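Below you'll find the structure, written out as structure tokens, and then a few comments.
2 protein chains.
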Amino acid sequence: MRILVTGAAGMVGRRLVARLLADGHLGGRAITAMVLHDVAPPPVPMPAPAGAGIAVDAVTGDLSAPGAARALIAPGPDVVFHIAGVVSGSAESDFDLGYRVNLDGTRALWDAVRLSGTAPRVVFTSTTAVYGGPLPETVPDDFAPTPQSSYGTQKLMCELMLADYTRRGFMDGIGLRFPTICVRPGAPNGAASGFFSSIIREPLAGLPALLPVPRDLVHTHASPRSAVGFLLHAATMDTGALAGRPNLVMPGVAVSVAEQIEALVRVAGPGAAALIREADDPAVWAIVRTWPRRFEARRARDLGFEAESDFDAIIRAHQEDGTPAAA
Amino acid sequence: MRILVTGAAGMVGRRLVARLLADGHLGGRAITAMVLHDVAPPPVPMPAPAGAGIAVDAVTGDLSAPGAARALIAPGPDVVFHIAGVVSGSAESDFDLGYRVNLDGTRALWDAVRLSGTAPRVVFTSTTAVYGGPLPETVPDDFAPTPQSSYGTQKLMCELMLADYTRRGFMDGIGLRFPTICVRPGAPNGAASGFFSSIIREPLAGLPALLPVPRDLVHTHASPRSAVGFLLHAATMDTGALAGRPNLVMPGVAVSVAEQIEALVRVAGPGAAALIREADDPAVWAIVRTWPRRFEARRARDLGFEAESDFDAIIRAHQEDGTPAAA
Numbered sequence: 064m065r066i067l068v069t070g071a072a073g074m075v076g077r078r079l080v081a082r083l084l085a086d087g088h089l090g091g092r093a094i095t096a097m098v099l100h101d102v103a104p105p106p107v108p109m110p111a112p113a114g115a116g117i118a119v120d121a122v123t124g125d126l127s128a129p130g131a132a133r134a135l136i137a138p139g140p141d142v143v144f145h146i147a148g149v150v151s152g153s154a155e156s157d158f159d160l161g162y163r164v165n166l167d168g169t170r171a172l173w174d175a176v177r178l179s180g181t182a183p184r185v186v187f188t189s190t191t192a193v194y195g196g197p198l199p200e201t202v203p204d205d206f207a208p209t210p211q212s213s214y215g216t217q218k219l220m221c222e223l224m225l226a227d228y229t230r231r232g233f234m235d236g237i238g239l240r241f242p243t244i245c246v247r248p249g250a251p252n253g254a255a256s257g258f259f260s261s262i263i264r265e266p267l268a269g270l271p272a273l274l275p276v277p278r279d280l281v282h283t284h285a286s287p288r289s290a291v292g293f294l295l296h297a298a299t300m301d302t303g304a305l306a307g308r309p310n311l312v313m314p315g316v317a318v319s320v321a322e323q324i325e326a327l328v329r330v331a332g333p334g335a336a337a338l339i340r341e342a343d344d345p346a347v348w349a350i351v352r353t354w355p356r357r358f359e360a361r362r363a364r365d366l367g368f369e370a371e372s373d374f375d376a377i378i379r380a381h382q383e384d385g386t387p388a389a390a
Numbered sequence: 064m065r066i067l068v069t070g071a072a073g074m075v076g077r078r079l080v081a082r083l084l085a086d087g088h089l090g091g092r093a094i095t096a097m098v099l100h101d102v103a104p105p106p107v108p109m110p111a112p113a114g115a116g117i118a119v120d121a122v123t124g125d126l127s128a129p130g131a132a133r134a135l136i137a138p139g140p141d142v143v144f145h146i147a148g149v150v151s152g153s154a155e156s157d158f159d160l161g162y163r164v165n166l167d168g169t170r171a172l173w174d175a176v177r178l179s180g181t182a183p184r185v186v187f188t189s190t191t192a193v194y195g196g197p198l199p200e201t202v203p204d205d206f207a208p209t210p211q212s213s214y215g216t217q218k219l220m221c222e223l224m225l226a227d228y229t230r231r232g233f234m235d236g237i238g239l240r241f242p243t244i245c246v247r248p249g250a251p252n253g254a255a256s257g258f259f260s261s262i263i264r265e266p267l268a269g270l271p272a273l274l275p276v277p278r279d280l281v282h283t284h285a286s287p288r289s290a291v292g293f294l295l296h297a298a299t300m301d302t303g304a305l306a307g308r309p310n311l312v313m314p315g316v317a318v319s320v321a322e323q324i325e326a327l328v329r330v331a332g333p334g335a336a337a338l339i340r341e342a343d344d345p346a347v348w349a350i351v352r353t354w355p356r357r358f359e360a361r362r363a364r365d366l367g368f369e370a371e372s373d374f375d376a377i378i379r380a381h382q383e384d385g386t387p388a389a390a
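For the record, the sequence lines run as chains W and B.
Under our numbering, think of the first position of the first sequence as 64, with each following residue one higher.
Under our numbering, think of the first position of the second sequence as 64, with each following residue one higher.
Have a look at this one:
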């Protein structure tokens with residue numbers, strides 16, 4: 064089978080590609096060819112023995128450029144993982160860029176799929192950032208999303224297209240609303256959500272970390288390992304069970320910041336927690352306080368999607384998986 | 064003040080234009096100029112004395128054509144009524160047409176607004192057809208819409224853009240999810256919803272009508288008069304009360320078909336009801352049975368939107384308003 068991965072240079076994309084090349088098959092079928100696409104050159108991991116026969120093609124470019132999407136679909140992928148996108152901060156600071164890449168780029172890709180007539184499985188990474196404004200403490204699966212960011216707006220618009228293109232038989236789509244992925248590897252970044260990872264990652268490495276929000280803030284997390292698991296399950300599950308509603312909130316671990324730190328102490332000892340210093344940041348708090356806290360995610364769990372059962376497991380996944388090669 | 068009306072040749076557009084020209088003002092401000100746009104030449108009603116000084120410009124064309132939207136926004140409207148759109152049957156039968164007009168045309172209009180820097184009030188007619196799939200008997204305001212038509216998909220995508228463009232200050236938008244408008248004037252048409260009107264309109268005119276669905280089917284209606292009322296209220300209300308969620312389900316009258324016919328008997332006597340003949344149509348029933356039945360519409364009512372209080376009033380509105388000139 065042939066696989067296309069957009070966003071293949073990103074944190075989740077790299078891990079997905081590494082996993083597919085290590086497995087050499089997907090859903091019981093041997094992988095014969097993979098196209099990896101991103102705006103930056105996607106790394107091509109050394110294939111494991113199982114994936115040694117896979118032809119891997121790395122493509123760099125802008126998905127919304129004329130002809131780009133059609134070229135990616137031309138090889139006739141059986142499965143498309145569409146992970147590419149401008150992140151939330153950039154989509155907010157650059158209005159045109161966000162709509163061009165996140166909306167027009169996605170539409171171009173799906174129109175190329177539509178016009179190919181091949182109806183592949185299309186797995187789309189959406190986000191719980193589709194939710195905004197007043198929310199219940201636990202967000203039910205049938206609660207109406209009202210995004211309060213351009214990023215959430217664009218992702219939700221793409222979800223709607225995915226459902227419509229799937230309903231009409233142009234593709235076999237499934238959209239996954241990812242919770243915050245934690246622990247993210249790499250250095251602290253400017254994202255408002257960055258501290259969720261850095262208060263774990265930095266102390267584990269013996270480094271100090273700042274906590275900009277109150278410890279009773281509750282948020283939902285899943286590990287990069289779970290994120291890859293979501294994508295693989297979505298690529299291989301029976302989509303007939305989606306019953307015309309192919310966009311799902313993924314499961315995760317809902318914990319307070321205090322519970323995150325308690326888990327850190329259990330895994331790494333009290334010395335790790337001592338490296339966390341409280342440093343209230345009203346700007347971060349103003350953003351983070353409006354985010355959803357817990358999700359029902361019952362449909363996804365019933366359909367076989369699995370996340371960690373506690374935050375300790377998320378920390379252990381970080382310790383075990385580390386940072387993949389070239390990430 | 065200057066007003067732009069797209070879809071000005073349509074059933075609701077004509078009535079809105081006639082009302083604005085009759086009033087001569089909107090929200091306490093005198094109307095000085097109106098641009099009426101549609102793909103068919105919009106009729107320009109004889110202005111009433113109050114509207115005699117209004118400069119009316121009728122423009123015919125495709126909103127999604129290059130430059131068309133910018134030309135419509137160039138005069139700097141204070142209020143934009145964006146009513147234009149490809150109807151649901153056409154959006155389903157012609158995929159490209161639906162996305163081009165309903166999505167791209169709307170986006171072109173709002174991008175023209177955005178680039179104008181004038182941030183006008185923008186009133187958008189959406190639809191309760193954004194709802195589909197399994198629904199509760201009464202749909203709450205915060206229930207997630209999962210459209211089961213390309214029309215509903217496109218309208219909901221436009222709602223999301225409207226909310227985002229408004230949040231960012233590019234316009235002062237408000238989206239109205241219209242229930243089925245009843246009683247529609249004119250001859251019976253091929254729309255699946257057509258019988259809701261024809262079982263009232265035809266008997267009132269002494270003509271026979273066919274009933275293709277069971278009498279216990281419940282559906283929500285508002286008169287063309289209420290539709291115009293929704294638009295005028297949306298154009299003049301304090302949008303600060305929308306609190307970042309500018310898309311609203313409009314109120315309506317939820318009745319069974321049997322209750323519609325009982326109202327017809329009260330208004331026009333038993334002879335009218337005798338003109339209705341049951342003629343089950345499985346094709347119509349297969350579509351109509353999936354539609355939403357009742358709506359909470361609490362936010363809209365709390366914000367001052369009003370529909371009829373019973374179906375008798377909807378019939379009387381039809382008798383009193385009749386068919387406007389040139390409709």
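Yeah, the Cβ is synthetic: ideal placement off N, Cα and C, and Gly gets one too.
Everything numeric in this text was worked out from a predicted model, so none of it was measured.
Would you kindly work out how many angstroms separate the C-alpha atoms of Gln-217 (chain B) and Ala-331 (chain W), rounded to a whole number?
Here residue 217 (chain B) is taken as the residue at index 154 of the second sequence, counted from 1. Here residue 331 (chain W) is taken as the residue at index 268 of the first sequence, counted from 1. A direct Cα-Cα distance of roughly 51 Å separates Gln-217 (chain B) from Ala-331 (chain W).
Looking at chain W, is there any beta carbon in it that lies within less than 8 Å of the beta carbon of Met-313 (chain B)?
Position 250 of the second sequence holds residue 313 (chain B). By this cut-off, Met-313 (chain B) is not an interface position.
Local Cβ density within 10 Å of Gly-385 (chain B), reported as buried at 16 or more and exposed below that
On the second sequence, residue 385 (chain B) is found 322 positions in, with the first residue counted as 1. Answer is exposed; the Cβ neighbour count stays below 16.
Could you name the residues of the stretch 182–204 of chain B whose beta carbon sits closer than 7 Å to any beta carbon of chain W, in the order they occur along the chain?
Those would be Gly-196, in chain order.
What is the C-beta distance between Thr-229 (chain W) and Arg-357 (chain W), in whole angstroms, given that I count them as a contact (C-beta under 8 Å)?
Your numbering for residue 229 (chain W) matches position 166 in the first sequence. Your numbering for residue 357 (chain W) matches position 294 in the first sequence. At roughly 28 Å, the Cβ-Cβ gap does not stay under 8 Å, so Thr-229 (chain W) and Arg-357 (chain W) are not in contact.
Measure from the C-beta of Arg-92 (chain B) to each C-beta in chain W and report whether the shortest distance is under 8 Å.
Taking the first residue of the second sequence as position 1, residue 92 (chain B) is located at position 29. Judged by the 8 Å Cβ criterion, Arg-92 (chain B) is not in contact with chain W.
Where does Met-109 (chain B) land, buried or exposed, given buried means 16+ other C-beta within 10 angstroms?
Sequence index remark: in the second sequence, residue 109 (chain B) carries index 46 (1-based). If you draw a 10 Å sphere on the C-beta of Met-109 (chain B), you find fewer than 16 other C-beta atoms in it, and that means exposed.
Which of the three DSSP states, helix, strand or coil, is assigned to Val-347 (chain B)?
Along the second sequence, one-based indexing puts residue 347 (chain B) at 284. DSSP places Val-347 (chain B) in helix when its eight states are reduced to three.
Taking contact to mean at least 3 C-beta pairs separated by less than 8 Å, is the stretch 151–158 of chain W in contact with the stretch 308–324 of chain W?
These segments do not touch.
Arg-379 (chain W) versus Phe-144 (chain W) - alpha carbon distance:
Working through the first sequence from its first residue, we reach residue 379 (chain W) at position 316. Working through the first sequence from its first residue, we reach residue 144 (chain W) at position 81. Each residue's Cα considered, the two are about 27 Å apart.
From this set, B:Leu-67, B:Ile-237, B:Gln-211 and B:Ser-286, which residue's C-alpha is nearest Phe-187 (chain B)'s C-alpha?
In the second sequence, the residue the question calls residue 187 (chain B) occupies position 124. It is B:Ile-237 whose Cα lies nearest to the Cα of Phe-187 (chain B).
What are the residues in the stretch 222–236 of chain W lying within 8 Å of chain B by C-beta distance?
Cβ contacts with chain B come from Leu-223, Met-224, Ala-226, Asp-227, Arg-230 and Arg-231.
Contacts that Thr-216 (chain W) makes with chain B (C-beta to C-beta distance below 8 Å):
For the purposes of this step, residue 216 (chain W) is taken as the residue at position 153 of the first sequence. Residues of chain B passing the Cβ test: Leu-223, Met-224, Ala-226 and Asp-227.
Cβ of Gly-70 (chain B) within 8 Å of Cβ of Asp-101 (chain B)?
Start at 1 with the first residue of the second sequence, and residue 70 (chain B) comes out as number 7. Start at 1 with the first residue of the second sequence, and residue 101 (chain B) comes out as number 38. Yes; because the gap between Cβ atoms is below 8 Å, this pair is in contact.
If contacts are defined as beta-carbon pairs under 8 Å, then Ala-272 (chain W) and Ser-261 (chain W) qualify, I think. What distance do you get, rounded to the angstrom?
Here residue 272 (chain W) corresponds to residue number 209 of the first sequence, with the count starting at 1. Here residue 261 (chain W) corresponds to residue number 198 of the first sequence, with the count starting at 1. Rounded, the Cβ-Cβ distance is 5 Å, consistent with contact.
Can you list, in chain order, the stretches of the beta strand (DSSP E) that have 3 or more residues and sit fully within the stretch 149–216 of chain W?
Runs of the beta strand (DSSP E) inside the stretch 149–216 of chain W: 184–190.
Could you tell me whether any Cβ in chain B is nearer than 8 Å to the Cβ of Phe-206 (chain W)?
Reading the first sequence from its first residue, position 143 is the one you call residue 206 (chain W). Cβ-Cβ to chain B under 8 Å: yes for Phe-206 (chain W).
Assuming Val-193 (chain B) contacts Gly-168 (chain B) under a Cβ cut-off of 8 Å, what Cβ separation, rounded to an integer in Å, is found between them?
Numbered from its first residue, the second sequence carries residue 193 (chain B) at position 130. Numbered from its first residue, the second sequence carries residue 168 (chain B) at position 105. Contact between Val-193 (chain B) and Gly-168 (chain B) does not hold, since their C-beta atoms are separated by about 18 Å, which reaches or exceeds 8 Å.
Is the beta carbon of Phe-158 (chain W) closer than 8 Å to that of Ser-213 (chain W)?
In the first sequence, the residue the question calls residue 213 (chain W) occupies position 150. In the first sequence, the residue the question calls residue 158 (chain W) occupies position 95. Yes.
Note down the Cα distance separating Asp-373 (chain W) from Arg-278 (chain W), rounded to an integer number of angstroms.
Numbered from 1 along the first sequence, position 310 holds the residue referred to as residue 373 (chain W). Numbered from 1 along the first sequence, position 215 holds the residue referred to as residue 278 (chain W). Approximately 17 Å, taken between the alpha carbons.
Does any CB atom of chain W fall closer than 8 Å to the CB of Arg-82 (chain B)?
In the second sequence, counting from the first residue as 1, residue 82 (chain B) sits at position 19. Not one chain W Cβ lies under 8 Å of Arg-82 (chain B).
Does any CB atom of chain W fall closer than 8 Å to the CB of Thr-209 (chain B)?
Locating residue 209 (chain B) in the second sequence gives position 146, counting from the first residue. Residue contact check for Thr-209 (chain B) against chain W: a CB pair falls below 8 Å.
Any C-beta of chain W sitting closer than 8 Å to the C-beta of Leu-219 (chain B)?
Numbered from its first residue, the second sequence carries residue 219 (chain B) at position 156. Chain W contact via Cβ: present.
Counting only beta-carbon atoms, is Gly-180 (chain B) nearer than 8 Å to chain W?
By 1-based counting over the second sequence, the position of residue 180 (chain B) is 117. Not closer than 8 Å to any Cβ of chain W, the Cβ of Gly-180 (chain B) fails to qualify, so no.
Cβ of Ser-256 (chain W) less than 8 Å from any chain A Cβ?
Included in the structure are the protein chains W and B, with no chain A among them.
Does any residue of chain B have a CB that is nearer than 8 Å to the CB of Ser-151 (chain W)?
Your numbering for residue 151 (chain W) matches position 88 in the first sequence. Ser-151 (chain W) does not count as touching chain B.
Using beta carbons (cut-off 8 Å, strictly below), is Arg-361 (chain B) in contact with chain W?
Position 298 of the second sequence, counting from 1, holds the residue named residue 361 (chain B). It does not: the Cβ of Arg-361 (chain B) has no partner Cβ on chain W nearer than 8 Å.
Between Ser-289 (chain W) and chain B, is there a C-beta pair that is closer than 8 Å?
Residue numbering aside, residue 289 (chain W) sits at position 226 when the first sequence is read from its first letter. False, the Cβ-Cβ gap to chain B never drops below 8 Å.
Tell me the DSSP secondary structure of Thr-302 (chain W) in three-state form.
As a working note, residue 302 (chain W) is residue 239 in the first sequence. Residue state, collapsed to three classes: helix.
On the three-pair Cβ rule with 8 Å, is the stretch 288–301 of chain B touching the stretch 336–352 of chain B?
Counting Cβ pairs under 8 Å, fewer than three are found: no touch.
Applying a beta-carbon distance threshold of less than 8 Å, which residues of chain B neighbour Thr-213 (chain W)?
Counting from 1 along the first sequence, the entry for residue 213 (chain W) is found at position 150. This sequence places Ser at residue 213 (chain W); Thr is not what is there. Simply Asp-227 and Arg-231.
Closest to Ala-179 (chain W) by CA distance: which of W:Val-185, W:Arg-133 and W:Leu-219 is it?
The residue you call residue 179 (chain W) lines up with position 116 of the first sequence. The sequence given here has Ser at residue 179 (chain W), not Ala. The shortest C-alpha to C-alpha distance from Ser-179 (chain W) to any of W:Val-185, W:Arg-133 and W:Leu-219 is the one to W:Arg-133.
Just verifying my parser: in three-state terms, what is the DSSP assignment at Arg-361 (chain W)?
Walking along the first sequence from the start, residue 361 (chain W) turns up at place 298. It is helical.
If you draw a straight line from the alpha carbon of Ala-72 (chain B) to that of Thr-243 (chain B), how long is it in whole angstroms?
Along the second sequence, read from residue 1 onward, the residue named residue 72 (chain B) stands at position 9. Along the second sequence, read from residue 1 onward, the residue named residue 243 (chain B) stands at position 180. Each residue's Cα considered, the two are about 19 Å apart.
In chain order, what residues of the same chain have a beta carbon less than 6 Å from the beta carbon of Ala-360 (chain W), not counting five sequence neighbours either side?
Your numbering for residue 360 (chain W) matches position 297 in the first sequence. Val-312 and Pro-314.
Give the secondary structure of Thr-229 (chain B) by DSSP, where H, G and I count as helix, E and B as strand, and everything else as coil.
Along the second sequence, one-based indexing puts residue 229 (chain B) at 166. Here Thr-229 (chain B) sits in helix by DSSP.
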